[in-house]
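Before any comments, here is the structure.
Numbering (my numbering), first residue to last: 781 to 1045.
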């Protein structure tokens, strides 16, 4: 099943979504996909005209592939402009992911501050793509194309604080409009920015993730490349603190991200 098919599956029946092993990430399902499915279930419970402003995601445990996942949604509060919503992904009776979301309508305001410029990056064609290699790269990377523009590939002993580059869904037969659910997958596709500092493979995973969406969202399709850059702010004792952002190819800010990652190496 492709990304869009899985989004439709959670819309049709959020009580039992089976994520194929092809979307695996080690012993777990790809976290960006699990977050996107939880978001999609939450979005269905929010009035139209209230786009997502912020999601706070905690990966409590791994969501095993090929085992049904139930996505539960609770509307905590619905004010005049903002809805606070809690989503849970549950598997075998255990919570595997929690998402707290703030959805808010726009307001008239005298404050208007433009985003800082996007970083300069080499053209997509000039960047090295991380290929999908069975048993070597995570299974889900078969669905996503990533081309490095900043820092190094994982486990290359590269000491840069920055990592990232261009990303989009791979081999899309049908052109689709990019939504916030797609951005969740595109942002989380990248490995923890601390992994290039290692010289040998070691596992790493996201503990907590906060992502904020810039609204109104820029019009994009699944054939458009987006630019991602992560910056390591601090790393020690097996944990890294990473700030990141994503832009359109035209330099428009799309999302702001922050992750706490655990590294076992």
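Glycine included, every Cβ here is placed at the ideal spot set by N, Cα and C. Bear in mind the structure is a predicted one, so any value in this text is a computation, not a measurement.
- Task: Kindly confirm or deny that the region 1028-1044 and the region 1006-1019 touch, where touching means at least three C-beta pairs closer than 8 Å.
- Result: yes
- Message: Under 7 Å: does the beta carbon of residue 993 sit that close to some heavy atom of the ligand PLP?
- Response: In the structure on display, the ligand PLP does not appear, and there are no ligands present to speak of.
- Query: Would a C-beta distance cut-off of 8 Å place residue 863 and residue 887 closer than the cut-off?
  - Reply: no
- Message: Among the candidates 1001, 895, 804 and 881, whose CA atom is the shortest distance from the CA of residue 846?
- Response: 804
- State the DSSP-derived secondary structure class of residue 829, mapped to helix, strand or coil. coil
- Message: Run through the DSSP bridge pairs and tell me what residue 990 is partnered with.
- Response: 836 and 1038
- Does the beta-carbon of residue 814 have 16 or more other beta-carbons within 10 angstroms, so that it is buried, or is it exposed? buried
- By Cβ distance, which residues of its chain are closer than 8 Å to residue 924, with the 5 residues on each side in sequence left out? 947, 948, 949, 950, 965, 966 and 969
- Nearest neighbour of residue 957, chosen from 833, 933 and 1000 [CA to CA]: 1000
- Message: Using the Cβ count rule (16 or more neighbours within 10 Å means buried), how would you classify residue 981?
- Response: exposed
- Grab the span of the alpha helix (DSSP H) containing residue 814 for me, first residue to last. 811-823
- What residues are listed by DSSP as bridge partners for residue 1008? 945 and 1026
- Task: Compute the beta-carbon to beta-carbon distance between residue 834 and residue 992, rounded to the nearest angstrom, for a pair I have assumed lies under 8 Å.
- Result: 5 Å
- Rounded Cβ spacing between residue 963 and residue 1034 (contact assumed at less than 8 Å): 6 Å
- Taking only the alpha-carbon atoms, compute the straight-line gap between residue 786 and residue 799 and give it to the nearest angstrom. 8 Å
- Task: Could you work out which residue in 972, 927, 905 and 868 is closest to residue 912 when comparing CA atoms only?
- Result: 927
- CA-to-CA distance, residue 856 to residue 936, given in whole angstroms: 45 Å
- Item | Spatial neighbours of residue 895 in its chain, beta-carbon cut-off 6 Å, leaving aside the 5 residues before and after | 1033
- Item | Opposing strand residues paired with residue 850 [DSSP bridges] | 870
- Near residue 1014, which residues of its chain fall below 6 Å by C-beta distance, leaving aside the five closest residues on each side in sequence? 1021
- How many Å lie between residue 823 and residue 892 at the Cα? 27 Å
- In terms of DSSP beta bridges, what is residue 985 paired with? 1042
- Query: Would you call the CB atoms of residue 922 and residue 990 closer than 8 Å?
  - Reply: no
- Between the C-alpha atoms of residue 900 and residue 874, what's the straight-line distance to the nearest angstrom? 44 Å
- Item | Straight-line gap, residue 997 to residue 878 (C-alpha atoms, nearest Å) | 24 Å
- Message: Quick check on the DSSP output: the beta strand (DSSP E) that includes residue 789 runs from which residue to which?
- Response: Counting along the chain, residue 789 falls outside any beta strand (DSSP E), though it belongs to the alpha helix (DSSP H) covering 783-792.
- Leaving out five residues on either side along the sequence, give the residues of the same chain with a beta carbon under 7 Å from the beta carbon of residue 784. 956
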